[in-house]
Amino acid sequence: MTRLATRLAGLHRRLLFAEEHDPAMVQTVFGAMFVADLLLRKAGGSSMGLASWPMAGLGVVAATTVAAFTVPWRRVPPWAIGVVPTVDILALGLSRMDAAGSAAGVLAVVPALWLGRQYGRSGALVVLLATTLLLALPGLAYLGVSGATLARTVLIPPVATWAALAISYAIERVRASLEVIEHQRRVSQAIFDTVDVGLLLLDRDGGYEGMNRRHAEFMRLAYPDGHSGRAGELGAVYDATGARELAREEMPTYRASRGEEFEDVRMWIGRDPLTRRALSVSARRVENDAGQLAGASLAYKDVTDYMKALRVKDEFVASVSHELRTPLTSIVGYVNILLERDDLPPDVVAQLEVVARNTGRLHRLVADLLHTARTDEGQLPVVRTPIDLAAIVRDCVAAVASTAARNGVTVELEGPESLVVLADEERMGQVVDNLVSNAVKYTLAGGRVHVQLGIDGDRAELCVTDTGIGIAPADRDRLFTRFFRSRQAQERSIQGVGLGLSITKSIVESHGGRIEVTSELDTGSVFRVRLPLRP
Ligand code: ADP
Numbered sequence: 246m247t248r249l250a251t252r253l254a255g256l257h258r259r260l261l262f263a264e265e266h267d268p269a270m271v272q273t274v275f276g277a278m279f280v281a282d283l284l285l286r287k288a289g290g291s292s293m294g295l296a297s298w299p300m301a302g303l304g305v306v307a308a309t310t311v312a313a314f315t316v317p318w319r320r321v322p323p324w325a326i327g328v329v330p331t332v333d334i335l336a337l338g339l340s341r342m343d344a345a346g347s348a349a350g351v352l353a354v355v356p357a358l359w360l361g362r363q364y365g366r367s368g369a370l371v372v373l374l375a376t377t378l379l380l381a382l383p384g385l386a387y388l389g390v391s392g393a394t395l396a397r398t399v400l401i402p403p404v405a406t407w408a409a410l411a412i413s414y415a416i417e418r419v420r421a422s423l424e425v426i427e428h429q430r431r432v433s434q435a436i437f438d439t440v441d442v443g444l445l446l447l448d449r450d451g452g453y454e455g456m457n458r459r460h461a462e463f464m465r466l467a468y469p470d471g472h473s474g475r476a477g478e479l480g481a482v483y484d485a486t487g488a489r490e491l492a493r494e495e496m497p498t499y500r501a502s503r504g505e506e507f508e509d510v511r512m513w514i515g516r517d518p519l520t521r522r523a524l525s526v527s528a529r530r531v532e533n534d535a536g537q538l539a540g541a542s543l544a545y546k547d548v549t550d551y552m553k554a555l556r557v558k559d560e561f562v563a564s565v566s567h568e569l570r571t572p573l574t575s576i577v578g579y580v581n582i583l584l585e586r587d588d589l590p591p592d593v594v595a596q597l598e599v600v601a602r603n604t605g606r607l608h609r610l611v612a613d614l615l616h617t618a619r620t621d622e623g624q625l626p627v628v629r630t631p632i633d634l635a636a637i638v639r640d641c642v643a644a645v646a647s648t649a650a651r652n653g654v655t656v657e658l659e660g661p662e663s664l665v666v667l668a669d670e671e672r673m674g675q676v677v678d679n680l681v682s683n684a685v686k687y688t689l690a691g692g693r694v695h696v697q698l699g700i701d702g703d704r705a706e707l708c709v710t711d712t713g714i715g716i717a718p719a720d721r722d723r724l725f726t727r728f729f730r731s732r733q734a735q736e737r738s739i740q741g742v743g744l745g746l747s748i749t750k751s752i753v754e755s756h757g758g759r760i761e762v763t764s765e766l767d768t769g770s771v772f773r774v775r776l777p778l779r780p
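And the structure:
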């Protein structure tokens, strides 16, 4: 039933609203109605013979129908098509010249709609004239003017004209709306093409639905040999370091086609080092009314200059920190030698201790910067030997004891006597040191820090819990980003540069481990590190 309704609606659209009007089709429908009317009248008792006016009308309709099928309408001038419906009205006029029945007047609506659709208001004028002169007047002349014949005839011209006007108005409205839509489409396309960001639309099955000019440029760089138009195709697309080709599952288009949303995924495209570009990709799901995945939109931002600037900055930081390290080591050494002397006056010792403390801080900072720069270059040497993690944790807790006591923070340690893991001793010292010293640093007087070491299956687990200032949920994901410092830390003027946690994370991950944080603002934080005992 619904199928039939859809078909009928489709036919109706093709008859009345199709851009390309098909005279043969409309004429066939009219001819069929005309014949049906004659048959019904015959069945109703009309005695029309072969030489009657209605039969002449039938002949005219047959002629126009043949013409509708045979004339090459595309090649004739536009006004010529109007001859067919006008002649149809004449055929109706002839058909009504029959004493037994003249109901065919209602069929005038079909050529009227046709003329109105084809020529707008001028078409309606033709309808008015044709229905009056070719249909109404001959009918009245044949049947004679009486109450009954007037009633059946007079209304035909205005009704047919009204139908023609109505459809011409509807078509005008449709055309105006189409023009607005087309204009908006052009504006959107212009904006789409003007923005300096590559835009790509995927359909529900991961097919490429559309892209702007900028993205077409990126495509030429990433797929010099062409692209199939499906998400996840491999090409000259590399990871954020630019060294490794992306696998299918890592491709932003593939991930987006699976309904994943993401932000700022960095990658490089292009094989030639001189022309390759760095892109930052974001993706959003497109959903239908039922909330199901209907496609995805992706935005590709060119971040080549930014990535190059970052590299230059990192190289600069690496070389400066390297240059600073040597003189600093010598200062630390000489200050320590001086502090070992027992002939110095107490005020000089106090001043030297200040120098030693600050040089120590500077030394750590330079070491952190150097570490960060090396991680970027992918050269973080990890020397794994069996080390006692329990001893490292004990040493760290002992080292922060005096600072903790000065700040009024209690530090507790819970763990085994010894816990051997295969890891880099110096770097593990850095991890424990960063976490424990942070816990003390970000905990206010009267607070508590609990350091717990244990084994969970085949992993060592270090848990540093504090009752400190905590971390806001929005900050939690950014904690491990370089130079990130929470608003709370800055407001309280707690010293730091925001490198410790990013370094900690890179060390833990280079050992095959994981670091997690749970925290609540003004309540405290828990940093948990899990390391494989034997990677
Ligand atoms: P730094 O301590 O030098 O600022 P980190 O990388 O160690 O750098 O830490 C980054 C940021 O994470 C800190 O600035 C602070 O805002 C937050 N943070 C780290 N540890 C804690 C903690 N235990 N409690 C609350 N905030 C913390």
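Each residue of the sequence shown is one higher than the one before, counting from 246 in the working numbering.
We put the CB at the ideal spot given by N, CA and C, even for glycine.
All of these numbers come straight from a predicted model, not from anything done at the bench.
Alpha carbon of residue i to alpha carbon of residue j, nearest angstrom
{"i": "I326", "j": "A544", "result": "51 Å"}
{"i": "P518", "j": "E424", "result": "47 Å"}
{"i": "R685", "j": "V694", "result": "In the sequence under discussion, the amino acid at residue 685 is Val, which differs from the Arg named in the question. Distance between the alpha carbons of V685 and V694 is about 7 Å."}
{"i": "G474", "j": "A528", "result": "17 Å"}
{"i": "V355", "j": "F437", "result": "45 Å"}
{"i": "R362", "j": "I412", "result": "6 Å"}
{"i": "S682", "j": "E494", "result": "40 Å"}
{"i": "F279", "j": "G384", "result": "17 Å"}
{"i": "Y387", "j": "F314", "result": "32 Å"}
{"i": "P591", "j": "N652", "result": "25 Å"}
{"i": "L583", "j": "D767", "result": "43 Å"}
{"i": "A554", "j": "M512", "result": "16 Å"}
{"i": "A618", "j": "D722", "result": "22 Å"}
{"i": "V471", "j": "I760", "result": "As written in the sequence, residue 471 is Gly, which differs from the Val given in the question. Between G471 and I760, the C-alpha separation is close to 42 Å."}
{"i": "V676", "j": "V753", "result": "8 Å"}
{"i": "G536", "j": "Q434", "result": "27 Å"}
{"i": "V600", "j": "V442", "result": "52 Å"}
{"i": "I426", "j": "V419", "result": "10 Å"}
{"i": "V627", "j": "V771", "result": "26 Å"}
{"i": "E765", "j": "A719", "result": "11 Å"}
{"i": "A467", "j": "V440", "result": "20 Å"}
{"i": "R319", "j": "M464", "result": "42 Å"}
{"i": "F725", "j": "K750", "result": "7 Å"}
{"i": "N581", "j": "Y687", "result": "29 Å"}
{"i": "P631", "j": "R556", "result": "35 Å"}
{"i": "V665", "j": "R672", "result": "15 Å"}
{"i": "S525", "j": "E478", "result": "18 Å"}
{"i": "V593", "j": "D484", "result": "55 Å"}
{"i": "R521", "j": "K558", "result": "20 Å"}
{"i": "P497", "j": "M270", "result": "50 Å"}
{"i": "S422", "j": "L360", "result": "22 Å"}
{"i": "L380", "j": "V311", "result": "22 Å"}
Residue i versus the options, residue with shortest Cα-Cα distance
{"i": "V305", "options": "R489, V329, D282 and A485", "result": "V329"}
{"i": "I748", "options": "L358, R397 and H616", "result": "H616"}
{"i": "S340", "options": "V311, L295 and A369", "result": "L295"}
{"i": "A375", "options": "P402, A349, L358 and A535", "result": "P402"}
{"i": "L395", "options": "G350, V372, H428 and M552", "result": "G350"}
{"i": "S291", "options": "V399, V274, D343 and L445", "result": "D343"}
{"i": "I199", "options": "G713, S755, A717 and S751", "result": "Nothing in the structure corresponds to residue 199, since the chain is present only between 246 and 780."}
{"i": "G480", "options": "N679, E662 and R516", "result": "R516"}
{"i": "A690", "options": "D669, E670, I576 and V656", "result": "V656"}
{"i": "W324", "options": "Y364, V316, L358 and D484", "result": "Y364"}
{"i": "T377", "options": "L410, T331 and R366", "result": "T331"}
{"i": "R489", "options": "A717, Q596 and I514", "result": "I514"}
{"i": "R779", "options": "V762, F275, G702 and D711", "result": "G702"}
{"i": "G660", "options": "Q697, D633 and V645", "result": "Q697"}
One or two residues paired with residue i in a DSSP bridge
{"i": "G455", "result": "L446"}
{"i": "D282", "result": "For D282, which the question treats as bridged, DSSP gives no partner whatsoever."}
{"i": "E706", "result": "G699 and R775"}
{"i": "D711", "result": "V694 and S770"}
{"i": "R529", "result": "S542"}
{"i": "T655", "result": "R693"}
Cβ pair count under 8 Å reaching 3, the stretch 720–730 against the stretch 739–750: yes
Next on the checklist: So, does the stretch 290–310 touch the stretch 332–352, judging by three or more C-beta pairs under 8 Å?
Outcome noted: The answer is yes - the stretch 332–352 touches the stretch 290–310, with three or more Cβ pairs under 8 Å.
Three or more C-beta pairs below 8 Å linking the stretch 635–642 and the stretch 594–609
no
#### Entry: Any 3 or more C-beta pairs closer than 8 Å across the stretch 554–563 and the stretch 457–470
no
Is there contact here, the stretch 530–541 with the stretch 502–511, by at least three beta-carbon pairs under 8 Å?
yes
Within 8 Å, do at least three Cβ pairs link the stretch 701–714 to the stretch 764–778?
yes
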